[in-house]
Structures are given as C-alpha cells and as structure tokens.
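> So the number in our numbering is just where the residue sits in the sequence shown, counting from 1, plus 2.
Questions regarding the structure given below will be posed in turn.
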Amino acid sequence: MQLKSALILLSSLASAHGFRLIDNWSGPSFFDQFSFFTGGDPTHGYVDYVDRGTAQAQGLIGTSGQTVFLRPDSTNVAVGRGRKSVRLTSNKSYNQGSLIIADIGHMPVGCGTWPAFWTVGPNWPSSGEIDILEGVNNQNKNQVTLHTNAGCTMAGVGRDQWAIADALNCDVNAPNQFANQGCSNVDQNTNSYGQGFNNIGGGVYATLWDASGIKVFFWWHDIVPQDVRNGNPNPAAWGKPTAVFPFGSNCPANHFKNQQIVINLTFCGTFPHPSYQFL
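Here is the structure:
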C-alpha cells in the first residue's frame with residue numbers, strides 16, 4: 003500500500019472554529035508513529051507479520067520524499083506462518099471529535115490479498131472497530147463496516163449515503179448474519195478499491211467521527227474538495243458520504259472509544275462474508 007503524501011488527523015473545536023491539526027504523518031518519520039505487530043494473525047491469514055528492522059532490511063517498508071510504501075515479500079516462497087508482510091498499529095489513540103484523512107496512491111490487488119486501513123479500540127469488540135478501506139481478492143468495490151458488541155444497529159435508521167447496506171447489525175455476534183459481519187456497506191464506485199482504484203492513481207479517504215455518528219467519504223484526486231486541499235476541511239460542504247452510521251438509541255456513541263489506526267496486508271484468512279471467501 004502506498005500513502006502518497008500524508009495521513010492527517012484533526013480534532014474538532016467549537017463549530018465556529020472548525021478543526022485543528024493534531025497529527026500529520028508522512029515521509030521518513032511516518033513509521034515512528036506506529037508499532038509493528040508480530041503475533042499470529044487474528045484473522046487466521048497465511049501471513050508472517052515482521053518487526054520494523056526486518057521490514058526495512060527486506061524492503062517491505064520505505065519512503066520516497068513524503069510518500070510511504072508498505073508491501074509484502076514478493077520474491078521468496080512462503081513457508082511457516084506464511085508470506086512476510088506488515089501490520090502497523092498507531093501509538094496514539096483517538097476519540098469522538100476526530101477527522102482522519104488518508105491520501106492513498108496504490109493498494110495491493112489480486113487473488114488471496116486482504117489489505118485494510120481501519121481503526122480499532124481496546125478489548126475488541128467492546129470499544130468498536132471502523133473498517134474504512136477493506137476488501138479481498140479481485141474485489142473492485144470498497145467495503146465500509148462497523149464492528150461492535152451488542153446494542154448497535156442501523157436497522158430502521160434513515161441514511162443518505164452512496165454505499166448499499168450489506169448487513170445492518172453491527173454486533174459481531176448478531177443473529178442471522180455471518181460471524182463478525184458487522185454493519186457492512188458496499189460502495190458502488192468501482193474505482194473505490196482494487197485495480198480500478200490503482201488505475202486512477204488512488205484517492206483520498208476521510209473519516210469523520212463526531213457526536214452525530216461516523217461518516218466515511220471517498221474522492222479520487224481530481225475531485226478532492228478545495229477546503230481539504232487548503233488544509234481547512236469543512237465536512238458540512240462535502241455532500242453525501244460513501245457511508246454514514248448515525249448514533250442514537252439504535253447505536254449509542256459509547257460503542258466507540260480510544261481508536262488506534264491499523265494498516266495491514268494479510269493473505270487468505272477468515273474474511274466475514276462467504277461471497278468473498280478464499281478457496
């Protein structure tokens with residue numbers, strides 16, 4: 003996966019003042035903001051997550067100017083736990099009132115791949131999970147999903163969004179849904195994920211988490227709002243989001259807290275939808 007210029011994190015102020023910049027991660031210092039997970043893959047993928055030193059020595063991470071890249075080993079036959087790859091978890095955590103903007107230039111594609119850009123809180127799933135960019139195999143549409151414990155659902159909630167709901171109950175143990183499916187939504191834009199995404203040079207994902215709920219926006223580079231380009235984001239002017247998850251009696255806001263940012267690439271594994279299962 004290639005982050006073109008920056009991963010920008012902002013915090014909201016009073017409404018009249020918009021947002022203030024909290025973190026701007028890019029270039030050589032990017033990897034200082036993350037820890038490298040080296041345990042067994044929680045999603046049971048055929049992957050060997052390596053530490054920073056190994057990743058650097060084997061060319062799995064690097065920078066060029068302000069651009070950052072992460073990639074798996076593509077030269078050796080995978081043995082043992084699987085193909086060497088990386089899984090990054092941010093050292094800092096974030097809470098309601100945050101806006102995360104990621105400029106992503108390229109992503110892994112092809113049979114067996116499962117890349118993801120997401121956030122997760124401690125003691126999963128009690129602090130929630132927000133899947134911002136995720137998919138498998140040769141999928142060409144991004145899947146945006148929330149995962150929680152019981153008590154968060156989008157059923158019966160009016161949502162004005164571009165994506166089509168694939169499941170409504172965010173509870174990872176919800177009845178009549180696949181295990182850990184969550185309240186998933188499939189973007190209908192075939193340039194939002196995979197080869198189509200790469201063909202247009204990638205794009206920008208923005209995730210707004212405020213008192214009203216969680217919204218995810220996607221733009222290819224030609225249509226990124228000018229306020230984002232200028233460093234003064236104004237989500238009220240962005241129009242319809244790709245996906246929106248309102249808070250309320252259907253899903254109290256306390257389902258989400260202390261979110262850390264995760265970027266990873268695994269292979270195969272237990273993706274929570276049989277339509278995309280690996281053979």
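Here a beta-carbon is modelled for each residue, glycine too, at the ideal position from N, C-alpha and C.
Let me check one thing: in DSSP terms, what residues is Gly-184 bridge-paired to?
Answer is none; Gly-184 lacks a bridge partner.
> Name the residue from Ala-208, Ala-157, Asn-142 and Ser-129 whose alpha carbon lies nearest to the alpha carbon of Asn-256.
That would be Ser-129, whose Cα lies nearest to the Cα of Asn-256.
> Roughly how many whole angstroms lie between the Cα atoms of Ser-37 and Ser-87?
14 Å
> Taking DSSP as the reference, what is the three-state secondary structure of Asn-26?
strand
> In chain order, what residues of the same chain have a beta carbon less than 8 Å from the beta carbon of Thr-45, not counting five sequence neighbours either side?
Trp-116, Thr-268, Gly-271, Thr-272 and Phe-273
> DSSP three-state call for Ala-18: helix, strand or coil?
Note on Ala-18: pLDDT 49, under 50, position unreliable in the model; the coordinate value appears next. Of the three classes helix, strand and coil, the one that applies to Ala-18 here is helix, per DSSP.
> DSSP three-state call for Arg-231: helix, strand or coil?
Note: Arg-231 maps to helix in three-state DSSP.
> Taking Arg-83 as the reference, which of Asn-140, Arg-54, Gly-196 and Asp-43 has the closest Cα?
Asp-43
> Take Asp-133 and list the residues in its own chain whose beta-carbon comes closer than 6 Å to its own, dropping the five residues that flank it on each side.
Trp-120 and Thr-147
> Using only the alpha-carbon positions, how far apart do Arg-188 and Gly-55 sit?
Looking at the sequence provided, one finds Val at residue 188 rather than Arg. So the alpha carbons of these two residues sit roughly 37 Å apart.
> Using 8 Å as the cut-off, can you tell me whether the region 188-199 makes contact with the region 103-112, which would need three or more C-beta pairs spanning the two stretches below that distance?
yes
> Helix, strand or coil for Ile-225? Go by DSSP, reduced to three states.
helix
> Give the straight-line distance between the Cα atoms of Ala-104 and Asn-175, rounded to the nearest whole angstrom.
30 Å
> Would DSSP call Ser-194 helix, strand or coil?
coil
> Are the beta-carbon atoms of Cys-172 and Gly-184 separated by less than 9 Å?
yes
> If we ignore side chains and look at the alpha-carbon of each, how far apart do Asp-75 and Thr-40 end up?
Computed Cα separation, rounded: 15 Å.
> For Leu-170, would you say it is in contact with chain C, using Cβ-to-Cβ distances shorter than 9 Å as the test?
Among the chains of the structure shown, chain C does not appear; only one protein chain is present.
> Could you pull out every residue in the same chain whose Cβ sits closer than 7 Å to the Cβ of Gln-262, ignoring the five residues on either side in sequence?
Thr-91, Ser-92, Ser-95, Thr-121 and Val-122
> Enumerate in chain order the residues of its own chain whose CB-to-CB distance from Leu-170 is below 7 Å, with the five nearest sequence positions on each side excluded.
Within the same chain, Leu-170 has close Cβ partners Thr-155, Met-156, Ala-157 and Cys-185.
> Along the chain, which unbroken stretches of the beta strand (DSSP E) at least 3 residues long are found entirely within the region 23-77?
Runs of the beta strand (DSSP E) lying entirely within the region 23-77 and spanning at least 3 residues, in chain order: 36-38, 49-51, 63-66 and 69-72.
> What residue from Gly-233, Asp-229, Pro-30 and Ala-208 has the CA that sits closest to Trp-246's CA?
Contrary to the premise, residue 246 reads as Val rather than Trp in this sequence. It is Ala-208 whose Cα lies nearest to the Cα of Val-246.
> For Leu-281, does the count of other Cβ atoms within 10 angstroms reach 16, so buried, or fall short, so exposed?
In this prediction, Leu-281 has a pLDDT of 40, which is less than 50 and means its spatial position is unreliable; nothing more can be read from the coordinates.
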